[in-house]
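Student:
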Amino acid sequence: MSERLIVELFCEEIPVAEQRRFSEEAPGLFMTLLDAERVGFESLSSHTTPRRLTLVGEGIETMQEDLETELVGPPVDVALTPDGQLTKAGESFLRKAGCGLDQTHRADKGGRECLAAWLREKGGPSALVLSRILPQWIARLPFSKSMRWADHTYTFSRPLRGIAAVFGDQIVPFESHGLSSGRHVSGHRFVSPEGGELAHARDYEDLLAGHSVIVDSRRRRELILEELEAACVRENLEWIRDEELLDEVVCLVEHPTLVVGHFNPDFLVVPESVILSAMRKHQRYFAFRSDGRLAPRFATALGTKLKSPPAALAGNQRVLSARLSDARFFWDEDRKSPLEARRSRMENMVYHQKLGTMWDRIGRISNMAGRFAARMGVDPVLAARAALLCKMDLETQMVYEFPDLQGDMGRAYALAQGEDPAVAEAVREHYWPRFAGDQLPATPLGRVLALSDKCDTLCGGIAAGLRPTGSADPFALRRAALGFLRILLENGLDFSLMEVFSESCAGLPLPCEPGSVKDFVVDRMRSLFGENHAKEMIESVLAVDSDRPVGVAARLAALSGLAQTDGFNQLVKLYRRMNILKKAEAVSERIRPEVLEHPAEKALYEALERVSAGCSTMLDAGDFGGALREMVSLWKEVDEFFHEERGVRVMADDPALRENRLALLFRLDALLRRVADFKILAALA
Numbered sequence: 001m002s003e004r005l006i007v008e009l010f011c012e013e014i015p016v017a018e019q020r021r022f023s024e025e026a027p028g029l030f031m032t033l034l035d036a037e038r039v040g041f042e043s044l045s046s047h048t049t050p051r052r053l054t055l056v057g058e059g060i061e062t063m064q065e066d067l068e069t070e071l072v073g074p075p076v077d078v079a080l081t082p083d084g085q086l087t088k089a090g091e092s093f094l095r096k097a098g099c100g101l102d103q104t105h106r107a108d109k110g111g112r113e114c115l116a117a118w119l120r121e122k123g124g125p126s127a128l129v130l131s132r133i134l135p136q137w138i139a140r141l142p143f144s145k146s147m148r149w150a151d152h153t154y155t156f157s158r159p160l161r162g163i164a165a166v167f168g169d170q171i172v173p174f175e176s177h178g179l180s181s182g183r184h185v186s187g188h189r190f191v192s193p194e195g196g197e198l199a200h201a202r203d204y205e206d207l208l209a210g211h212s213v214i215v216d217s218r219r220r221r222e223l224i225l226e227e228l229e230a231a232c233v234r235e236n237l238e239w240i241r242d243e244e245l246l247d248e249v250v251c252l253v254e255h256p257t258l259v260v261g262h263f264n265p266d267f268l269v270v271p272e273s274v275i276l277s278a279m280r281k282h283q284r285y286f287a288f289r290s291d292g293r294l295a296p297r298f299a300t301a302l303g304t305k306l307k308s309p310p311a312a313l314a315g316n317q318r319v320l321s322a323r324l325s326d327a328r329f330f331w332d333e334d335r336k337s338p339l340e341a342r343r344s345r346m347e348n349m350v351y352h353q354k355l356g357t358m359w360d361r362i363g364r365i366s367n368m369a370g371r372f373a374a375r376m377g378v379d380p381v382l383a384a385r386a387a388l389l390c391k392m393d394l395e396t397q398m399v400y401e402f403p404d405l406q407g408d409m410g411r412a413y414a415l416a417q418g419e420d421p422a423v424a425e426a427v428r429e430h431y432w433p434r435f436a437g438d439q440l441p442a443t444p445l446g447r448v449l450a451l452s453d454k455c456d457t458l459c460g461g462i463a464a465g466l467r468p469t470g471s472a473d474p475f476a477l478r479r480a481a482l483g484f485l486r487i488l489l490e491n492g493l494d495f496s497l498m499e500v501f502s503e504s505c506a507g508l509p510l511p512c513e514p515g516s517v518k519d520f521v522v523d524r525m526r527s528l529f530g531e532n533h534a535k536e537m538i539e540s541v542l543a544v545d546s547d548r549p550v551g552v553a554a555r556l557a558a559l560s561g562l563a564q565t566d567g568f569n570q571l572v573k574l575y576r577r578m579n580i581l582k583k584a585e586a587v588s589e590r591i592r593p594e595v596l597e598h599p600a601e602k603a604l605y606e607a608l609e610r611v612s613a614g615c616s617t618m619l620d621a622g623d624f625g626g627a628l629r630e631m632v633s634l635w636k637e638v639d640e641f642f643h644e645e646r647g648v649r650v651m652a653d654d655p656a657l658r659e660n661r662l663a664l665l666f667r668l669d670a671l672l673r674r675v676a677d678f679k680i681l682a683a684l685a
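If you read the sequence shown in my numbering, its first letter stands for residue 1, the second for the next number, and so on.
1) Look at the Cβ atom of Q103, then the Cβ atom of A89, and state whether they are nearer than 8 Å.
2) For the beta strand (DSSP E) that E503 lies in, which residues bound it at each end?
3) Suppose the cutoff is 6 Å on Cβ atoms and the five residues either side in sequence are ignored; what does the same chain contact list for V253 look like?
4) Could you tell me the boundaries of the beta strand (DSSP E) in which C114 lies?
5) Could you name the residues of the same chain whose beta carbon sits closer than 6 Å to that of H598, not counting the 5 residues immediately before and after it, in chain order?
6) Using 8 Å as the Cβ pair cut-off and three pairs as the minimum, do the stretch 253-263 and the stretch 286-300 touch?
7) Under 8 Å Cβ to Cβ from A127, same chain only, skipping five residues before and after it: list those, please.
8) Between the stretch 447-467 and the stretch 377-389, do three or more beta carbon pairs fall short of 8 Å?
9) Pick out the complete alpha helix (DSSP H) segments inside the stretch 591-665, 4 residues or longer, and give them in chain order.
10) In angstroms with no decimal places, state the Cα-to-Cα distance between S144 and F22.
11) If we count the other Cβ atoms within 10 Å of its Cβ and call it buried at 16 or more, is H47 buried or exposed?
12) Would you call the CB atoms of L258 and I224 closer than 8 Å?
13) If you pair each beta-carbon of the stretch 629-638 with each one of the stretch 565-572, do three or more pairs fall below 8 Å?
14) Contact between the stretch 510-529 and the stretch 543-553: three or more CB pairs below 8 Å?
15) Given a cut-off of 8 Å on the beta-carbon distance, is the pair K305 and H352 in contact?
16) Skipping 5 residues on each side, what residues in its chain have a beta carbon closer than 6 Å to that of L339?
17) Nearest by alpha-carbon distance to R335: which of T396, L556, T81, Y285 is it?
18) Quick one: residues in its chain with C-beta nearer than 6 Å to the C-beta of M279, no 5 flanking neighbours on either side, listed in chain order?
19) In terms of residue numbering, what span does the beta strand (DSSP E) encompassing I6 cover?
20) Name the residue from A683, I487, L466, G470 whose alpha carbon lies nearest to the alpha carbon of L477.
21) By DSSP's criteria, Q170 is part of a beta bridge. Which residues make up the other side?
22) For S321 and V274, what's the separation of their Cα atoms in angstroms?
23) State yes or no: is the C-beta of L208 within less than 8 Å of the C-beta of V185?
24) Identify whether M346 lies in helix, strand or coil by the three-state DSSP scheme.
25) When burial is assigned at 16 or more other CB atoms within 10 Å of the CB, is F435 buried or exposed?
26) Under 8 Å between the Cβ atoms of S217 and G187?
27) Do F624 and R548 have their beta-carbon atoms positioned less than 8 Å apart in this structure?
28) Among residues of its own chain, excluding the 5 on either side of W137, which ones have a beta-carbon nearer than 7 Å to its beta-carbon?
29) Quick one: Cα of L130 to Cα of K96, how far?
30) Less than 8 Å separating the beta-carbons of S452 and M368?
31) In three-state DSSP terms, what is S200?
32) Check D266 in the structure and name its three-state DSSP category.
33) Grab me the residues of A600's own chain with a C-beta within less than 8 Å of its C-beta, minus the 5 sequence neighbours each way, in chain order.
34) Could you pull out every residue in the same chain whose Cβ sits closer than 6 Å to the Cβ of G626, ignoring the five residues on either side in sequence?
35) If I'm right that R605 touches L664 with Cβ under 8 Å, what's the distance once you round it to whole angstroms?
36) Given M1, which residues of its chain have a CB within under 8 Å of its CB, disregarding the five upstream and five downstream residues?
Rendered as structure tokens:
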């Protein structure tokens, strides 16, 4: 028999991030406790609202499973005398097992026959178990930040005001955080705060709905979407879809009611990104388009149904109008002077005490932009101009008020002062990608500037001792490394890391070892490629070339393309036999064809000669897949060479034969290492 379990933790306003963390981790934590106590269940899930964190257990068994364990005692010849009588050791074991000799059996332990008994523990009521483990579960809930309140010593994300715990129709009694569990559930704070009594766990959602709380976040999301779609039809608008904002708003309201407002169309002269930032980031408003342009309309989700929505809407409109008035003022004021006029402020803005001012940083970015522009065939004059302007918007009033618009405002101000559109776009794109999965710079000049910026961030950060430790990464070096790699890889930019970092390090005001920067980026490369490739495969490629990310990607693609073929796997297995090269003190690279005498070594030599020429051409052209296919075709000759009966004795007594055969294997190894270190791959076979 099973029942439903509801455990509601009723709190003060809970941050969105903590609600999400509860949903992700709380069911798993409780599952661990149930498993340890042998309590079966069908599923565990959660509900969250701004004021409640709820655990939902479906199909929780009302009784624990019985436990049966085998207790193994002393060897039979120790527990019993030759005539079958119990020794003291045997009597001690029976007392421990709580049974008679006739209830024992024999078990093998370490090759000896031992006396053993089954210990059976009958399962108890799950309700008693729940009373014991629920306080443990609450204590283990992880929060980014916890707080104390009043004069209490315990902590929680926000002050805990009540606990409802109902299993079927019974209260699960326990105490936690100075509160006793019960069946009372509070309703909406302003509409129905008195709430009600939860008679049965299955009634939880309906009880709260009757008190103006929609506890299921999926249902709240559906309601908001339905009202957004209805508003679009009614007002002839198009919602600017923003799933991240929608998910956040869902966590901010217990009973969403959408209202649509407007703002003065005169504000539309301000760049669209500013208006959207003011609406989304600052007010959590939904934005709309009309005829392809930003409309002077917005929608906001109120926390409950109101008797007079227009009154609440008027307040929202006033707040947005104030924000947009400020933005309009900043926009007008910032454009009174060109971006480059902020140079003096850049010269006084400290980037880092060891790395100089922001103007120093702009100089380093400009230097690298010239070098990347030369590599990528981009106009060096445009690259220099974009580098000069790329950080200037940091000293504008708009970016000071709206920090998330750095780059966007640089582009807007650059266009407003008549800069080349390619320069303006590069100023915006040089921050991309801003996070994992974000878009990459779409223009060649944007890629030049983004690579230059990230290169200086990485080299400067490593030189200044800012290498990330654990989860701490204050200068976002991991993000910079990942962005740097993605730009190279997704645009096929086959650059040498050591060459690029050597150039960047040379411009720093303090010593920096390019190899240490490269090592840091290679670690990020491991993480990036580790999403789709086995660790050994990645290491086998990095062992032969970690300097050119595009080459690493091409080698991994070649290996992955052939990894499941018989020929590849046979060659990898056969490579284990080449450990014989380790035994050789010195191996000549020159093969003497006239010394070859065994048919198998002659066949391998001829195949190597044939394949090597074609492979070299393919490898020089970057065709690692084609080259690897040619190499894999050698597996039959290698198999015959190492065959136990028909094969070659590599370590022959004749020094000339031995050295020539080792040279043959050395040539094979050198060829394979142009793609990967097969010694590492052999660990997979």
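Using N, Cα and C, we set each Cβ at its ideal position, and we do this for glycine too.
Because the structure is a prediction, the values reported are computed rather than measured.
Tutor: Inspection of the coordinates gives the following:
1) Taking 8 Å as the Cβ cut-off, Q103 and A89 do not qualify as a contacting pair.
2) Segment 497-506 is the alpha helix (DSSP H) holding E503; no beta strand (DSSP E) there.
3) Once the five neighbours on either side are set aside, the close Cβ partners of V253 are A301, G303.
4) 112-121 is the extent of the beta strand (DSSP E) around C114.
5) Cβ-Cβ distances below 6 Å link H598 to V648 in the same chain, with the five nearest sequence neighbours on each side left out; the list follows chain order.
6) The stretch 253-263 is in contact with the stretch 286-300.
7) So the list reads T62, F167, Q170, V172, once near-sequence residues are dropped.
8) These segments touch.
9) Listed in chain order, they are 599-620, 624-632, 635-641.
10) In this model, S144 and F22 are separated by some 11 Å (Cα to Cα).
11) Under this definition H47 is a buried residue.
12) With contacts defined by Cβ atoms closer than 8 Å, L258 and I224 form a contacting pair.
13) The stretch 629-638, when compared against the stretch 565-572, does touch it at the 8 Å Cβ threshold.
14) Segments in contact, yes.
15) No.
16) Closer than 6 Å at the Cβ level, and outside the excluded window around L339, lie L389, M392, Y413.
17) Of T396, L556, T81, Y285, the residue nearest in Cα terms is T396.
18) Excluding sequence neighbours, M279 sits near Y285, A287, F298.
19) 2-11 is the span of the beta strand (DSSP E), which, as asked, contains I6.
20) Ranked by how close their Cα comes to the Cα of L477, the residues A683, I487, L466, G470 have L466 in first place.
21) According to DSSP, Q170 bridges with F167.
22) Answer to the nearest angstrom: the Cα atoms are 13 Å apart.
23) Contact flag set, yes.
24) Three-state result, M346: helix.
25) The residue in question, F435, is exposed, as its Cβ has fewer than 16 Cβ neighbours within 10 Å.
26) Contact check for S217 against G187 fails: the beta carbons are separated by 8 Å or more.
27) A distance of 8 Å or more separates the beta carbons of R548 and F624.
28) Closer than 7 Å at the Cβ level, and outside the excluded window around W137, lie L29, F30, L33.
29) Looking at the two C-alpha atoms, the distance is approximately 30 Å.
30) Cβ distance < 8 Å, so S452 and M368 count as in contact.
31) Looking at the sequence shown, residue 200 is not Ser but His. Reduced to three states, the DSSP call for H200 is coil.
32) In the three-state DSSP reduction, D266 falls in the helix class (H, G or I).
33) Around A600: E637, E640, F641, H643, R646, G647, V648.
34) Here the set comprises M618.
35) Reading off the sequence shown, one finds Tyr at residue 605, where the question assumed Arg. The pair is a contact, with the Cβ atoms about 6 Å apart (cut-off 8 Å).
36) The answer, listed in chain order, is E61, T62, M63.
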